[in-house]
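Asker: Below is the structure I would like to discuss, written out as structure tokens.
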Amino acid sequence: PRLYAVADPAPAVWWPRRVEPVAADDEALRRVAALADPVAEVVVEGPPLPHTAGGKVRRLSATPDRIELEVTSGGGLAVVRRAFQPLLHARSAGMRLRTVPVNQVLLGVVVPPGRHRVTIEVSSAPEGAAGAVALGGFVAAFVVLTKQRSAAPGGGGRGP
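Residue numbers for the sequence shown follow this note's numbering, so the first one is 480 and each next one is one higher.
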């Protein structure tokens, strides 16, 4: 088997010239397929986003769970060449920023006007919830086993 690379991939991060809103997923698919330049013009499902062309975005760092960007713009949509996942959360100066799928599959961050350092991270909330459920299950199992043992003939204690 051979591995092939895309000859001219999209940049790691960019600020599109135009953001086109579409009403539904099937419409988004048709529009993305028809785009002459899917970097300069992007498609976002939902209501129109405020977007000013000419913004600058620079990737400062990237790991599998965290991306840092520097954005200077009149406000709008920064695009990251990373798959959109609802678990990814974006923040700038303590304020949560909205994330949206761009061109159906890429990560978009709606950034307010000005200069911002944007941090995108995987949310730890699902792991925290899973840990709480696991701990609750352990405690429930412990209580049931303790009650069963004490209800056994002889009180579950040690014999003579």
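No residue lacks a Cβ here, since even glycine has one placed at the ideal position from N, Cα and C.
This structure is a prediction, so every number in the text was calculated from the model and none was measured.
#1: Inspect the beta-carbon positions of residue 486 and residue 560 and report whether they are closer than 7 Å.
#2: Based on Cα-Cα distance, which residue from 530, 501, 507 lies nearest to residue 593?
#3: Just to confirm my understanding: we take residue 493, look at its own chain, exclude 5 residues before and 5 after, and list those with CB closer than 7 Å. What are they?
#4: According to DSSP, simplified to helix, strand and coil, what is residue 625?
#5: For residue 589 and residue 556, what's the separation of their Cα atoms in angstroms?
#6: List the residues that DSSP assigns as beta-bridge partners of residue 500.
#7: Could you have a look at residue 518 and say whether DSSP puts it in helix, strand or coil?
#8: Tell me the DSSP bridge mates of residue 510?
#9: Please state the DSSP three-state secondary structure of residue 630.
#10: Going residue by residue through the region 549-598, where are the continuous beta strand (DSSP E) segments of at least 3 residues, counting only ones entirely within it?
#11: Measure the Cβ-Cβ separation of residue 501 and residue 522 and say whether it is below 7 Å.
#12: By Cβ distance below 7 Å, which residues in the same chain neighbour residue 510 in space, the five residues on each side in sequence not counted?
#13: Give the secondary structure of residue 491 by DSSP, where H, G and I count as helix, E and B as strand, and everything else as coil.
Answerer: Answer, in terms of the structure:
#1: In the sequence shown, counting from the first residue as 1, residue 486 sits at position 7. In the sequence shown, counting from the first residue as 1, residue 560 sits at position 81. No; because the gap between Cβ atoms is not below 7 Å, this pair is not in contact.
#2: Numbered from its first residue, the sequence shown carries residue 593 at position 114. Nearest option by C-alpha distance: 530.
#3: Walking along the sequence shown from the start, residue 493 turns up at place 14. 518, 536, 558, listed in sequence order.
#4: Taking the sequence shown and counting its residues from 1, one reaches residue 625 at position 146. If DSSP states are grouped into helix, strand and coil, residue 625 belongs with the helices.
#5: Locating residue 589 in the sequence shown gives position 110, counting from the first residue. Locating residue 556 in the sequence shown gives position 77, counting from the first residue. Rounded to the nearest whole angstrom, the CA to CA distance from residue 589 to residue 556 is 5 Å.
#6: The residue given as residue 500 occupies position 21 in the sequence shown. Paired residues: 523.
#7: For the purposes of this step, residue 518 is taken as the residue at position 39 of the sequence shown. The answer is coil: DSSP assigns residue 518 none of H, G, I, E or B.
#8: One-based indexing of the sequence shown puts residue 510 at position 31. DSSP output for residue 510 lists no bridge partner at all.
#9: The residue you call residue 630 lines up with position 151 of the sequence shown. In the structure shown, residue 630 sits in a helix (DSSP, three-state: H, G or I).
#10: If only uninterrupted beta strand (DSSP E) runs of at least 3 residues are considered, those enclosed by the region 549-598 are 555-562, 567-571, 574-576, 578-581, 585-590.
#11: The residue you call residue 501 lines up with position 22 of the sequence shown. The residue you call residue 522 lines up with position 43 of the sequence shown. Judged by beta-carbon spacing, residue 522 lies within the 7 Å limit of residue 501, meaning their Cβ atoms are closer than that value.
#12: Working through the sequence shown from its first residue, we reach residue 510 at position 31. Excluding positions up to five away in sequence, the list reads 499, 501, 522.
#13: In the sequence shown, counting from the first residue as 1, residue 491 sits at position 12. Of the three classes helix, strand and coil, the one that applies to residue 491 here is coil, per DSSP.
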